[in-house]
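*Asks:* Got a structure for you, written out below as structure tokens; questions coming shortly.
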Amino acid sequence: MKEREPKILAFLCNWCSYAGADLAGVSRIQYPPNVRVIRVPCSSRINPFFIVKALQQGIDGVLVAGCHPGDCHYISGNYVARRKFAIIKSFLEYIGIEKDRVQFTWISAAEGLRFAEVIKEVTEKVRHLGPIRKPVKIRRG
Amino acid sequence: MQDVQRKIREEAKNLLAAGRVDLIIGFEEASLPLRASPVFIHNEDDLDMLVWNSFCENNLATYLTKVVGRKVAVVAKGCDSRSIVALIVEGQIKREEIIVIGIPCRGMVDRRKIEKEVEGEILEAGEKNGEVLVKGDDFEGVFKKEDYLYPSCRTCKYRNPVISDILIGEKIKENTEVDEYAEVKEYEKKSIDERREYFGREMGKCIRCYACRQACPMCYCEECFVDSSHPKWIEKGLDSSDLTIWHIMRAYHQAGRCVDCGSCERACPMEINLRFLTKKINKEVKDYFNFETGLDIKVAPALATFSPDDRQDFIDSGEEPAGESQGKTKL
Amino acid sequence: MKKISKKGMNEFIQSLMADYIILAPASTDGIFSFKPVSNFEQIDLSYQNSKKPPKEVFFPQSETMFNYKNGKVESTEKVKQKKILLGIRPCDARANILLDKVFAGPDHKDVYYTNKRENTIIIGLGCSKSLSTCFCTSFGGGPFSKEGLDILLMDIGDKYLAQVITDKGREVLNHKFREATREEVRLAEKIKSEAEKRISSRVEIEGIKEKLDRMFEDLFWNKLSQECIGCGTCSYLCPTCHCFDIADEAVNSEGKRVRNWDSCMFPLFTLHTSGHNPRPTGKERMRQRVMHKFNYFVENYKEPACVGCGRCIINCPVNMDIRKVLKEILEV
Chain A
1 MKEREPKILA FLCNWCSYAG ADLAGVSRIQ YPPNVRVIRV PCSSRINPFF
51 IVKALQQGID GVLVAGCHPG DCHYISGNYV ARRKFAIIKS FLEYIGIEKD
101 RVQFTWISAA EGLRFAEVIK EVTEKVRHLG PIRKPVKIRR G
Chain B
1 MQDVQRKIRE EAKNLLAAGR VDLIIGFEEA SLPLRASPVF IHNEDDLDML
51 VWNSFCENNL ATYLTKVVGR KVAVVAKGCD SRSIVALIVE GQIKREEIIV
101 IGIPCRGMVD RRKIEKEVEG EILEAGEKNG EVLVKGDDFE GVFKKEDYLY
151 PSCRTCKYRN PVISDILIGE KIKENTEVDE YAEVKEYEKK SIDERREYFG
201 REMGKCIRCY ACRQACPMCY CEECFVDSSH PKWIEKGLDS SDLTIWHIMR
251 AYHQAGRCVD CGSCERACPM EINLRFLTKK INKEVKDYFN FETGLDIKVA
301 PALATFSPDD RQDFIDSGEE PAGESQGKTK L
Chain C
1 MKKISKKGMN EFIQSLMADY IILAPASTDG IFSFKPVSNF EQIDLSYQNS
51 KKPPKEVFFP QSETMFNYKN GKVESTEKVK QKKILLGIRP CDARANILLD
101 KVFAGPDHKD VYYTNKRENT IIIGLGCSKS LSTCFCTSFG GGPFSKEGLD
151 ILLMDIGDKY LAQVITDKGR EVLNHKFREA TREEVRLAEK IKSEAEKRIS
201 SRVEIEGIKE KLDRMFEDLF WNKLSQECIG CGTCSYLCPT CHCFDIADEA
251 VNSEGKRVRN WDSCMFPLFT LHTSGHNPRP TGKERMRQRV MHKFNYFVEN
301 YKEPACVGCG RCIINCPVNM DIRKVLKEIL EV
């Protein structure tokens, strides 16, 4: 039986990475359809809980993308976020969630091609890991 | 120990008599051996209840957020004093409303470890000259205190209170040689499957009693995320997914705030190895941001601030051109 | 009174495994709990008591009541296989009788509880070596009390004596059990009376309920609740505590309804949707805990909701001691 396609969730900040994704779309650049995008105002809006909860719901891989350091629309949001991400990333790996399942990156509004590359790469890495098992919540009792 | 105990009672008496405080939070003799029980003293008649020994394992700073607005004196070991600093830095208590009775501490006795060494129930326990003496129905035991300290005490680097209004006893030499993250480093060497298995197994013992949360001075949120229904992050039952996320997020919320006092582990009735999570968080905070909780009243907590030069080696910043970055992400 | 050698007991339990799920004390990292066992080696009857009370056999901490999908509901109330609860202590067995008053009373029967209760045979193990924190005799129990048991086992060294108490118990005994000799019965009596004398911790409960009737507004509760940190350890480890919370866990039209243990020590316990909380602080909650166990339960069911097992005393992170509390209540 063919293994199901990996589900990737991408949190993109409105001003840079989402615009980058938009540029990819407008430029007709192909990228894997596995990604579902959630637009947030800034990467600092991301509560690490979102990432953990996504994994619990069965999302195989989470990508969080913000503006490059220094380019944040809200001046310092991505700096604040960067600290959070550092901790949550190494912590999740420590407790046994494969490190390729949760990835962080900076994508600017002009990097449409790069956005597509990143999505391709993330999808392949997650596909290689297989469907997520822990900490997924089983809904039937 | 006896000397310290006497001095605590004296200082407490002076504080109450002078009206500088109306409440003293300290320790009294417990109803069980190898324990001491937190006690709230309001008047001078009760001062003789105050004790000090190697069983005073609770972090009394956890009570400070519950008695806000009153003039309080609290007995604090090294770790407890760091919690107090952390609480002041986070604006939860005012420095001028508390009097810290600081006590340099050589560590607290791990009662569970001693209990495992004997056959039968320990009925009496005492300490003398660095030794813990226990007695049961048909046995007696003598244990060298140094060999039976709590894991958090064995790697403690801040035995002297970092903040105090009254310091009781002489400052003691800090243990600067110990590598407090040795266990974490060992654990990191394990394979991902081993780590996942150990984590799942430990957290599977949890009964969601929240003793860890309540014992921790830094868990003072009026509404904990587990009680949130909008959004509902996790359910309240024993589903293994909910259990693991409860612990992941509680540990994560301690980033830059945990002082590794060990109260969570000591409070847990199921004897879960909780510190293996918070220790990792503390190590990351130290490695990434060079921050240790509760040392300086003027420094903001690690996750409440930032620097443009923060490490970002965990991020794929995408500096390489697209072709070359295949499979070579610096994650 | 019957008897069986320890070897015979192994074989007896092994033979039961064909028809019953055997729940017996087994240790994981030093903590005992009642687990399904497939092999006699896994059982450790030298244990003192389980960390969590065996009430979780009938009243699990998290129980799915039913699953639903697109309007179709599947209840889980049916019991799939009969169980034997082996090695339970008399205090916990007595606690089940107290729980029966709530879950299996004349007016309301909780089918999830009663189905499990009816399909479980309870074989208890008397306590020849109680702990200093045991005070079962103060609450009408005892180390060899028969309440709530189908069979009571007594360890007399190289064998077990077995007292059959109910028909359910009688049905399950097999031919390996012989009649005990008169000497063995006398030895059992001796062990029993010594064990009862051994319970040194005594709590006076005469007059507690009447005293509490008058104490609702007393400042005693302010003082008592100070050191309590407000966790749920005492309630979750108590064999008679029975409060619960029901929640639906669902995504769209598929999900399940779950019953979870709850504790009156938690702030959300009586939080109303309006935001009002009649028990806003630790003081009201501590008062509730003591009143429920020693006043309201007595009012409703004529007995206090405590069996003197001592778990709350041993496990409280700040050494709150209910024996001290009861003594102080009488002194108020």
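Chains as they are written, first to last, in this note's numbering: chain A, 1 to 141; chain B, 1 to 331; chain C, 1 to 332.
Ideal Cβ positions, reconstructed from N, Cα and C, are used throughout, including at glycine.
Enumerated in chain order, which unbroken segments of the alpha helix (DSSP H) with a length of 4 residues or greater are wholly contained in the segment 92-157 of chain C?
*Replies:* 111-118
*Asks:* Write down the C-beta distance between B:Gly335 and B:Cys156 rounded to the nearest angstrom, noting that I regard them as a contact closer than 8 Å.
*Replies:* Outside the shown range of chain B (1 to 331) lies residue 335 of chain B, about which nothing can therefore be said.
*Asks:* Of the residues B:Asp137, B:Asn160, B:Lys283, B:Tyr220, which one's Cα is nearest the Cα of B:Glu188?
*Replies:* B:Lys283
*Asks:* State the DSSP-derived secondary structure class of C:Glu194, mapped to helix, strand or coil.
*Replies:* helix
*Asks:* Going by the CB atoms, is the gap between B:Phe314 and A:Phe104 shorter than 9 Å?
*Replies:* yes
*Asks:* In three-state DSSP terms, what is C:Ser62?
*Replies:* strand
*Asks:* Leaving aside the five residues before and after C:Leu271 along the sequence, list all residues of the same chain whose C-beta is less than 8 Å from its C-beta, in chain order.
*Replies:* Asn277
*Asks:* Excluding the five sequence neighbours on either side, which residues of its own chain have a C-beta within less than 6 Å of the C-beta of C:Arg198, listed in chain order?
*Replies:* Ser130
*Asks:* Any beta carbon from chain A within less than 9 Å of B:Thr244's own beta carbon?
*Replies:* yes
*Asks:* Going by DSSP in three states, A:Tyr74 sits in which element: helix, strand or coil?
*Replies:* Assigned with DSSP and collapsed to three states, A:Tyr74 falls in coil, not helix or strand.
*Asks:* Taking DSSP as the reference, what is the three-state secondary structure of B:Gly126?
*Replies:* Secondary structure at B:Gly126: strand, using DSSP grouped into helix, strand and coil.
*Asks:* Between the segment 92-107 of chain B and chain C, which residues of the former have CB atoms less than 8 Å from a CB of the latter, in chain order?
*Replies:* none
*Asks:* Quick one: which residues of the segment 40-52 of chain B get their C-beta closer than 7 Å to a C-beta of chain C? List them in chain order.
*Replies:* Those would be Phe40, in chain order.
*Asks:* Residues of chain B with CB under 7 Å from C:Ile229, in chain order?
*Replies:* Correct list: Thr62, Gln214, Ala215.
*Asks:* Using a Cβ-Cβ cut-off of 9 Å, state whether C:Ile329 counts as contacting chain B.
*Replies:* no
*Asks:* CA-CA distance, B:Ser240 and B:Ile207?
*Replies:* 11 Å
*Asks:* With a 10 Å radius around its C-beta and 16 neighbouring C-beta atoms as the bar for buried, classify A:Gln30 as buried or exposed.
*Replies:* exposed
*Asks:* With H, G and I counted as helix, E and B as strand and the rest as coil, what does DSSP make of C:Lys3?
*Replies:* strand
*Asks:* Going by the DSSP bridge assignment, what does A:Arg36 pair with across the sheet?
*Replies:* Residue pairing by DSSP places A:Arg36 opposite A:Leu9 in a beta bridge.
*Asks:* With contact counted as at least three CB pairs below 8 Å, one residue from each stretch, are the segment 49-65 of chain A and the segment 278-294 of chain B in contact?
*Replies:* no
*Asks:* Going by DSSP in three states, A:Ser90 sits in which element: helix, strand or coil?
*Replies:* helix
*Asks:* Where B:Asp46 and C:Ile156 are concerned, what is the direct C-alpha to C-alpha distance, given to the nearest angstrom?
*Replies:* 48 Å
*Asks:* Work out the CA separation of B:Glu222 and C:Gln61 for me, nearest whole Å.
*Replies:* 25 Å
*Asks:* Would B:Tyr181 pass as an interface residue toward chain A - the criterion being a Cβ-Cβ separation below 9 Å?
*Replies:* no
*Asks:* What's the C-alpha gap between C:Leu326 and C:Glu206?
*Replies:* 10 Å
*Asks:* Rounded to whole angstroms, what is the Cα-Cα separation between C:Lys7 and C:Tyr160?
*Replies:* 10 Å
*Asks:* Taking the beta carbon of C:Thr28 as the centre, do at least 16 other beta carbons fall within 10 Å, making it buried, or is it exposed?
*Replies:* exposed
*Asks:* What residues from chain B crowd round C:Asn260, counting only those whose CB sits closer than 7 Å?
*Replies:* Around C:Asn260, the beta-carbon contacts reaching into chain B at under 7 Å are Lys236, Gly237.
*Asks:* Measuring straight from C-alpha to C-alpha, what distance separates C:Lys223 and C:Val185?
*Replies:* 50 Å
*Asks:* Rounding to the nearest angstrom, what Cα-Cα distance links B:Ala267 and B:Cys209 in this structure?
*Replies:* 10 Å
*Asks:* DSSP on B:Glu324, reduced to helix/strand/coil?
*Replies:* The pLDDT assigned to B:Glu324 is 38, lower than 50, so where the model puts this residue is not dependable; a value taken from the coordinates is nonetheless given after this. Three-state DSSP puts B:Glu324 in a helix.
*Asks:* Candidates C:Pro239, C:Val258, C:Pro53, C:Ala250: which alpha carbon is nearest B:Leu386's?
*Replies:* Since the displayed chain B opens at 1 and closes at 331, residue 386 of chain B lies outside it and no answer follows.
*Asks:* Please list, in chain order, the chain A residues whose beta carbon lies closer than 8 Å to that of B:Ile315.
*Replies:* Arg82, Phe85, Phe104, Thr105, Trp106
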